[in-house]
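Residue numbers (my numbering): 4 to 150.
Where is the CB? At the ideal position from N, CA and C, for every residue including glycine.
Reading through the structure tokens given below for one structure.
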Amino acid sequence: MRNWYNAADKLGKSENYKKRIVEVANGFKAGEQLSAQALTVMNQDTFELEAISRLTQIAQRIGMVLGQSRQDGFTEVKGKVYDLSFNSERKDLTIQQKNGDVVLGVQSGKVHTSRVTPEIIKTFEGANSLLDKTYSSYQAQSREIHR
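Rendered as structure tokens:
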């Protein structure tokens with residue numbers, strides 16, 4: 004239950020939402036069964052946070068490899084479909100489509116906007132794999148040069 008509460012907090016859920024989690028947790032401690040609805044919502048929140056965490060990891064990796072540092076401490080990447088900017092120290096990240104729609108907005112480590120879909124995760128996983136292949140190829144070429 005604590006993990007669910009923490010996930011809801013990081014996802015930027017309302018105070019009333021988090022109070023309801025506490026009520027469900029207290030009921031559970033008192034011996035009540037978790038309702039199917041509570042279990043479903045808990046799993047959804049946990050899954051959403053895991054997906055956002057993975058997307059954040061990939062976005063930061065892409066930014067570290069391909070990003071341009073700005074004077075304000077942010078790193079920025081202009082992609083074909085998505086643009087991203089992040090500040091690791093402040094735990095801020097914005098991923099937006101070229102039309103300006105924000106797909107993911109994180110400020111101070113808390114989600115403010117999330118329109119993350121499995122397709123977006125798949126796109127970023129593909130970009131991450133491409134980085135892996137490019138890096139592996141670069142390492143192989145570097146070893147050949149240094150022989």
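Taking all protein chains shown into account, residue 31 has fewer than 16 neighbouring C-beta atoms within 10 Å of its C-beta and is therefore exposed. Rounded to whole angstroms, the Cβ separation of residue 55 and residue 131 is 15 Å, and the two are not in contact under 8 Å. Between residue 107 and residue 117, the C-beta gap is smaller than 7 Å, which places the two residues in contact.
Under DSSP, residue 56 forms no beta bridge with any residue.
Listed as beta-bridge partners of residue 90 by DSSP are 95. Secondary structure at residue 132: helix, using DSSP grouped into helix, strand and coil. Residue 68 holds the alpha-carbon nearest to the alpha-carbon of residue 137 among 68, 18, 42. Where residue 25 is concerned, the enclosing alpha helix (DSSP H) starts and stops at 18 to 32. Per DSSP, residue 83 lies in no alpha helix (DSSP H) segment and is marked neither H nor E.
The beta carbons of residue 103 and residue 80 sit no closer together than 7 Å. Between residue 58 and residue 14 the beta-carbon gap is near 13 Å, outside 8 Å, which marks them as no contact. DSSP places residue 44 in the helix class (H, G or I) of the three-state scheme. One thing to note: residue 89 has its Cβ no nearer than 7 Å to the Cβ of residue 110.
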